[in-house]
Structure formats: C-alpha cells, structure tokens
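Notes to accompany the following structure.
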Amino acid sequence: MSRGADRLSVPALIGLLIGAGIMVAPLVWTLLLSLKSNAELLRDSASAFSVPYTADNYRAIFAGSLVPRWLLNSSIVALGTTAGVLVLCSLAGYGFARFEFPFRRTLFAFVVVGLAIPEQAVILPRHQLFAWLGLHNSYPGLILPGLVAPFGVLFMTQYIRAIPRELDEAAMLDGASRLKLFLTVLLPLTIPAQATLGVFTFLGAWNDYWWPLISATTSDRYTLTVGLASSQMNYAQTSGLGFLMAQAVFASVPILVVYVLFQKQIVRAMAGTAVR
Amino acid sequence: MTGDGRAAPARLTGFAFVAPFLALYVFLLIVPLVMGIAISFHRADLFGTRRWAGLDNYARLATDPVFHQSLGNTFALTLLIVPVLTAITLALALALNRPARSAAVFRGIFFSSSVLSVTIVTLIWRFVLTPDGGLAAKLLTAFGYAPLPFLSDPALTIPAIAITTIWWCLGLPMMLFLAGLQQIPHDLYEAAALDGARGWTVFRRVTLPSLRGTLVTVVMLQTAGQLQLFGQAQLLTGGGPGGASRPVVLFIYEVAFGRWELGYATAAAQVLFVLVLALTGLQYWLVARREPVR
Chain A
2 MSRGADRLSV PALIGLLIGA GIMVAPLVWT LLLSLKSNAE LLRDSASAFS
52 VPYTADNYRA IFAGSLVPRW LLNSSIVALG TTAGVLVLCS LAGYGFARFE
102 FPFRRTLFAF VVVGLAIPEQ AVILPRHQLF AWLGLHNSYP GLILPGLVAP
152 FGVLFMTQYI RAIPRELDEA AMLDGASRLK LFLTVLLPLT IPAQATLGVF
202 TFLGAWNDYW WPLISATTSD RYTLTVGLAS SQMNYAQTSG LGFLMAQAVF
252 ASVPILVVYV LFQKQIVRAM AGTAVR
Chain B
50 MTGDGRAAPA RLTGFAFVAP FLALYVFLLI VPLVMGIAIS FHRADLFGTR
100 RWAGLDNYAR LATDPVFHQS LGNTFALTLL IVPVLTAITL ALALALNRPA
150 RSAAVFRGIF FSSSVLSVTI VTLIWRFVLT PDGGLAAKLL TAFGYAPLPF
200 LSDPALTIPA IAITTIWWCL GLPMMLFLAG LQQIPHDLYE AAALDGARGW
250 TVFRRVTLPS LRGTLVTVVM LQTAGQLQLF GQAQLLTGGG PGGASRPVVL
300 FIYEVAFGRW ELGYATAAAQ VLFVLVLALT GLQYWLVARR EPVR
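Respectively, the protein sequence lines represent chains A and B. Going by the numbering used here, the first sequence opens with residue 2, and the numbers climb by one from there. Going by the numbering used here, the second sequence opens with residue 50, and the numbers climb by one from there.
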C-alpha cells in the first residue's frame, strides 16, 4: 500500500473506530449469547454481558445434533466443487490459450456470455432437470451446478496466455504429448492462479444458499448453510437461543480459518474481479 | 481424442481440452436457460404437467399486485443499498489505502463479514434487531428510547434488510476500490501537489476520475447482486409483514416451491433476468457513451 497521508486525521480515525465497532459488536454479541444457558437468556438477554458462561450449547452440538453432519456435507460439496472447477477450468484455459481449433473464438465468446446469465434465469429449470435425473438430495446434485464457472475459464485462459510460449515449446521438441506437457510443464506454473481460483470457488460453494435450499430437502443432506436456515426457521424460544447462536459460531469457524489462512489469495481474487 | 498430439488430428487436440467444460456448460447453463424461456410460456407445475399458455403468465404478472409489490421492494432495496454501500466502501478504501499496520487490521475487520454465509449473517442480525431482547433494543433502552420493531414494522423491514446487507457486503467493493487506488500513477498526485491542489480538489480532479472504471464495476456488480437479493429477506422477515419486504426472488421462490406454479415463477424469473441485463447494460452504456471505460 502506498500514498495517502501517512497519518489518519482524528475525525477519520473516530469514524473508522465507530465503523469497526459496528462490524464487531454483532459478532461479539453472538459469541456471548452462545455461551449462556437458556434459562438465563429467557429471563433477560442482557445476562449475556455477565458471568457465568457455559460451553453447554457447544456440547449440545456434538451430542446428537445434525450440525456435524451438515459440516461434513458442506466440506464434501465445497471441496468437490473446488476440485472440479480447478480441473475443468485449467483444461479449458489451456485449450483456449494454446491451441488453434475450429470455432475457437466463437466458443470462447460463447463462454463469456455465461458471465451475464444470473442464477435466477436458470435455477428453476435446472431444478426440474435434476428432478428428472434423480439428482436431488445427492452430492453430485449439489456439486454439479457449481462446476459451471465461466469466470474461472476466462481467468485461467488469461493466466496461461501470459506465460511465455517458449517454455512449453522447448518441451514439445522432446516429443512429449500435449497432455503430459500440460501436466508437467504448464500446470506447475499456474499454481498461484489455482490458489486464487480455488479459494474463491471454495468460499462461493461453502456459502451457497439458493441451490442447496431447493435441491437438498432431507435434513441429513443439508449443507451447513441450509441446515442453519432450518434451525433458524424452526426456532422457538424454548429450544434455546444460546444453542442457536452456538450453531452460528460453530458454522463460522471453518470459514474464518480459511479466511485467515488464505487472506492473500482472497484479496487477490477479489481485486481480480475488477479486471475481468 | 486422447489429448495425445501424435495420434489425434492436431486441430482437434485443443478442442479435447475445452470439451469437458463446454459439455457441462451447455448441459447446466444453456439448456436450463432455453428450458426456462420455454417453460415460461406454459402452464406448468413442479411435477411435470405442462400445457401451452402463450403469454398468459406474462399477462398475469402485468396485473398481479403481489408481483408489483415485490418489484417495488426490490427497487427500494437496490436504491437504498447500492449508493450507501458504494459511498461507505469508497470512503473506507480512501482511509485505509496506507501501509500502516493499523490500516491492515481495519481492512481485515471490514472484510471479515463477507466470508460468512447469508444464514449466519441473518442469524446474527436477527438477534441484534429483534425488539425482544436484541442488542439494538438493549442499546436503545440504555439510552432511554423505546425498542424499535425492526422485523415487523412495514416501514422498518426494508431498512433493516438493507443495513444487514450493507454490513455483510462491504468487503468486495472496498477491496475493488483499494485495488483501483493502487493503480493510480504517482505522478498524477505529484503534479497536483505542484499545482498547489490539496484535499478535496485532489480527490475530485485526480482520484475520482482515475477510479471511474472501478466505480462502474462496483455499481454494476452491486446492482446486479442486489436486484437478486433473496436470503436476507427470506430469513429475516420472511418477506413480511404482508409482503412489505418481499423481493422478487422471494416471490419466485414462493410461487415455485410454495404454490408449485413453475410456469408462473419461471416467467417472473425471465422478467428479473431482463431487468438485471437492462439495468447493468444501461449503466455501462451511460458511462461508455461519454468515454470508453478502460
């Protein structure tokens, strides 16, 4: 980061602190509620600001609730989607960047058009299509729609185009097959792009709501996002505000860990959407 | 097509690499897109019954007060969220575009909410906003005011959804503006300083014009995104009271999965699709007409 005045003016700093407070306060409030017994919260939710705190709500998550199952489902769906997107987009990016074949330009433009198609335009017919194919309430049913990532193809194509051709041409003289060339020479050079696209895809798949909401309808097939929505919908004060908030905290942890570990890639992926 | 350059005709090898993606792309995006257009001209339910209905669904949308209300809500939410979000995130980017460690911490804080899912965000905000023991109610009573019924008063539900959305969505536009600020050449600022320009003048004459491309990107992405707002409304207010906060996508969801009227819901989805394309296209055209965006 460069430029700008070196020090913040006092009003700007006060504004930032207030803003940061608004960002953090709801998170702290949620954390505190999750640490309180239901009996106390029923009397007064302000009891969240004082001791005693308890981990009972977190114990309840592991004692027979479906939340760990949802966590597993989310992990499978998000990792499966990420792996699939990386494979498909890398292959397609290589094909578009390094080969001449009939209709290459037309097909590339055809993929770019996909960027302008919002999910709303396709989600209902897709639901119908998957019903005919018996794909609802299954992992493939949850993963497949996420694999269509025109942005990923564009991103990989641009990245591979920027790699000097001499690198793969030298290897081609050895008579290596194109697939082997791709796997051994080019792929290692794209690792930074794989990381960026991978984290971006993982976040999107982990947080997706609309599609799993209509595709996974039995509770053991829910992803964490949909499961939490159902807990929220079925919430009654007696079932425990603290337990509900513990679920929210529990569900935030994996994604916040991913955020902290991959902060650099996430920021790069976000900035990358500007140049598309 | 084995991907082996020696065996397969060379011109098809490249096609073999793009084929797996293209197959899924056609099957999962293009086919549903075409199906959607077709279904919208039918009287169709969720279970496969289908009868040609011509423009009936669209005619019904044109006179359906519930649909009109949801369109109005979607516009209200978009108009409320996009300008505020753009202004706040631009201000944040300007304040945080510096190498200091504290700026990095602030950037981390303002970005953190965007990695959460919509269900976690609404869960958090529901118990901030609820008048019955929520954080906002506690704060209001602490300062001697009565708690506000954010989630049940028709005048407050749309602002409540907008606040939640803004809190959730700050990260991406802030990062885009920061990336844009980093690309402004240093000499521009030096030249401005030599001319004696400072503060606001520098912002208006140098920063803002240089950020034009980013600004257009942010506004277009946010407009397209907020026109499709769904989860926050469904989970925070259920679209109520009396549909006062039901956006178009929630209307589509309810018609399809509550009333099983797939044809009617699909027609509404087509209307929204055209709206998203038209409004983002219009924004691009308005700017590109004056001078092409980089």
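Virtual Cβ for every residue (Gly too), placed ideally from N, Cα, C.
Item: For the segment 61-74 of chain B, list every residue whose C-beta sits within 7 Å of some C-beta in chain A, in sequence order.; Value: 61, 62, 63, 64, 66, 67, 69, 70, 71, 73, 74
Item: Compare the Cα-Cα distances from residue 57/A to each of 242/A, 82/A, 261/A and report the closest residue.; Value: 242/A
Item: Could you check if residue 207/A is buried or exposed, using at least 16 other CB atoms within 10 Å of its CB as the buried criterion?; Value: buried
Item: Excluding sequence positions up to five away, which residues of its chain have a Cβ less than 6 Å from the Cβ of residue 3/A?; Value: Reliability of the predicted coordinates at residue 3/A is poor, the pLDDT of 41 falling under 50, and the value obtained from them is presented with this limitation in mind. Excluding sequence neighbours, residue 3/A sits near nothing in its chain.
Item: In the DSSP assignment, the alpha helix (DSSP H) including residue 93/B goes from what residue to what residue?; Value: Run containing residue 93/B: none in the alpha helix (DSSP H); it sits in the beta strand (DSSP E), 91-93.
Item: Nearest by alpha-carbon distance to residue 153/A: which of 74/B, 330/B, 337/B, 65/B is it?; Value: 74/B
Item: Using a 10 Å radius around the Cβ and a threshold of 16 neighbouring Cβ atoms, would you call residue 303/B buried or exposed?; Value: buried
Item: Quick check on the DSSP output: the beta strand (DSSP E) that includes residue 99/B runs from which residue to which?; Value: 99-101
Item: Listed from N- to C-terminal order along the chain, which residues in the segment 146-169 of chain B have their beta-carbon within a distance smaller than 9 Å of any beta-carbon of chain A?; Value: 146, 147, 148, 149, 151, 152, 153, 154, 155, 156, 157, 158, 159, 160, 161, 162, 163, 164, 165, 166, 167, 168, 169
Item: Do residue 85/A and residue 144/A count as a contact pair if the criterion is CB distance below 8 Å?; Value: yes
Item: Quick check: is the beta carbon of residue 41/A nearer than 8 Å to any beta carbon in chain B?; Value: no
Item: Can you tell me where the alpha helix (DSSP H) with residue 203/B in it begins and where it stops?; Value: 203-218
Item: Does residue 85/B come within less than 8 Å of chain A when only Cβ atoms are used?; Value: yes
Item: Are residue 138/A and residue 219/A closer than 8 Å when you measure CB to CB?; Value: yes
Item: So, residue 258/A versus residue 224/B, is the Cβ gap smaller than 8 Å?; Value: no
Item: On the criterion of 16 or more Cβ atoms from any shown chain inside 10 Å, does residue 221/A qualify as buried, or is it exposed?; Value: exposed
Item: Have a look at 235/B, 202/B, 129/B, 114/B and flag the residue whose alpha-carbon is nearest the alpha-carbon of residue 27/B.; Value: Residue 27/B cannot be examined here, being either before or after the span of chain B that is shown, 50 to 343.
Item: If contacts are defined as beta-carbon pairs under 8 Å, then residue 122/A and residue 318/B qualify, I think. What distance do you get, rounded to the angstrom?; Value: 6 Å
Item: Return the CA-CA distance between residue 84/B and residue 323/B, expressed in angstroms with no decimal places.; Value: 16 Å
Item: Alpha carbon to alpha carbon, what distance is there between residue 91/A and residue 206/B?; Value: 44 Å
Item: Please state the DSSP three-state secondary structure of residue 118/A.; Value: coil
Item: Against chain B, does residue 139/A count as a neighbour if the rule is that its beta carbon must be under 8 Å from one of theirs?; Value: no
Item: Does the Cβ of residue 292/A have 16 or more other Cβ atoms within 10 Å, making it buried, or fewer, making it exposed?; Value: Within the shown structure, residues of chain A are numbered from 2 to 277, placing residue 292/A beyond reach of any answer.
Item: Pick out whichever of 161/B, 70/B, 61/B, 142/B has its Cα sitting closest to the Cα of residue 26/A.; Value: 161/B
Item: Just reading off the alpha helix (DSSP H) that residue 39/A is part of, what are its end residues?; Value: 39-44
Item: Do you know whose CA, among 328/B, 272/B, 295/B, 60/B, lies nearest residue 114/B's CA?; Value: 295/B
Item: Would you say residue 38/A lies against chain B (beta-carbon separation less than 8 Å)?; Value: no
Item: State yes or no: is the beta carbon of residue 115/A nearer than 8 Å to at least one beta carbon in chain C?; Value: Here the protein chains are A and B, and chain C is not one of them.
Item: Check whether chain B comes within 8 Å of residue 1/A, counting only Cβ atoms and requiring the distance to be less than that.; Value: Any answer about residue 1/A is impossible in this case: the structure gives chain A only from 2 up to 277.
Item: So which residues of chain A does residue 315/B contact, with C-beta pairs closer than 8 Å?; Value: 125, 126
Item: Could you pull out every residue in the same chain whose Cβ sits closer than 8 Å to the Cβ of residue 213/A, ignoring the five residues on either side in sequence?; Value: 78, 143, 223, 224, 226, 227
Item: Spatial neighbours of residue 299/B within its chain, please: CB distance less than 8 Å, with the 5 preceding and 5 following residues excluded, ordered by chain position.; Value: 119, 279, 282, 283, 288
Item: Would you mind working out which of 297/B, 286/B, 306/B sits nearest residue 96/B, comparing C-alpha positions?; Value: 306/B
Item: Can the beta-carbon of residue 316/B be found less than 8 Å from the beta-carbon of residue 89/B?; Value: yes
Item: Three or more C-beta pairs closer than 8 Å, one from the segment 97-109 of chain A and one from the segment 156-171 of chain A: is that the case here?; Value: yes
Item: Starting from residue 277/B, find everything on chain A with Cβ-Cβ shorter than 8 Å and list it in chain order.; Value: 119, 120, 121
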